[in-house]
Every structure is written in C-alpha cells, then in structure tokens.
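Each residue of the sequence shown is one higher than the last, beginning at 1 in the numbering used here. Written below as structure tokens is the structure these notes are about.
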Amino acid sequence: MSVYAVNSSNFRQEVLESDKPVVVDFWAGWCGPCMALSPIVEELSDEVDKVKFCKVNVDEARDIAMEYGIMSIPTLMLFKSGDPVNVSVGLIDKERLKTFIRG
1 MSVYAVNSSN FRQEVLESDK PVVVDFWAGW CGPCMALSPI VEELSDEVDK
51 VKFCKVNVDE ARDIAMEYGI MSIPTLMLFK SGDPVNVSVG LIDKERLKTF
101 IRG
C-alpha cells in the first residue's frame, strides 16, 4: 500500500467516500516533526491493508485544513464512513500510531 497525496480536488473522493477507514496526515514541507512522522506513516501503510493512508499539505489545501480545524502540524485524523473519529496532534511513534488507528 502507499500514501496518497490528497488535495482540495480529490479529498471528497479519496477520504470522505472511501470504503476503508482513512488516516489523513496533515503536514507541510517546512515542518520538521512532519518530516520525522512521514516515514512512520509510510512504513505502517505497507503493513496495514484495512486502512487507507493519505497526506494533505496544509499550505496547498488550506480550505481542508480550515474545515477540519487544523491548528498545529503534524495532525493525524482518522476518518470512518466520511466522519473524523480520532485526532492526534504532534509527532508520535509507530506503536502510538497503531493504537491511534484502532481508535
């Protein structure tokens, strides 16, 4: 599996209309903790088939970040059936990410 780049034009299709739960990683290129979290998200996306992983660059998709109240990055948001059900703000390790996905 891989991590999908999501923007304003495909967020609805890739996240809100997904048949699977979706972990969305809100990030920016200038954010050091975001860069540290990225390989953890990539690694877990290869291990977990029942969850889809997406990334939203908050500088390129400010409308999405505003809609979901993203105030700090990195922020991970878990969506199920189009609804946000869990949020984690800040850098987390792989085990905490697994726990986050389980809800």
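Backbone N, C-alpha and C fix where the C-beta goes; we use that ideal spot for every residue, glycine too.
Buried versus exposed, by CB contacts within 10 Å (16 or more), residue i
| i | result |
| --- | --- |
| residue 57 | buried |
| residue 25 | buried |
| residue 55 | buried |
| residue 88 | buried |
| residue 61 | buried |
DSSP three-state assignment for residue i, whether helix, strand or coil
| i | result |
| --- | --- |
| residue 25 | strand |
| residue 80 | strand |
Extent of the continuous alpha helix (DSSP H) run through residue i
| i | result |
| --- | --- |
| residue 45 | 32-47 |
| residue 66 | 62-67 |
| residue 92 | From DSSP, residue 92 is part of no alpha helix (DSSP H); its letter is neither H nor E. |
Residue i: first and last residue of the uninterrupted beta strand (DSSP E) it sits in
| i | result |
| --- | --- |
| residue 52 | 52-57 |
| residue 6 | 3-6 |
Nearest to residue i (by Cα), restricted to the options the options
| i | options | result |
| --- | --- | --- |
| residue 99 | 66, 71, 59, 48 | 48 |
| residue 93 | 30, 20, 42, 18 | 42 |
| residue 53 | 5, 102, 103 | 5 |
| residue 30 | 63, 59, 88 | 59 |
| residue 28 | 12, 51, 16, 76 | 76 |
Whole-angstrom C-beta distance between residue j and residue i, which should lie under 8 Å
| i | j | result |
| --- | --- | --- |
| residue 86 | residue 103 | 6 Å |
| residue 23 | residue 101 | 6 Å |
| residue 34 | residue 73 | 6 Å |
| residue 44 | residue 91 | Residue 44 to residue 91, Cβ: 14 Å. No contact. |
| residue 80 | residue 50 | The pair is not a contact, with the Cβ atoms about 11 Å apart (cut-off 8 Å). |
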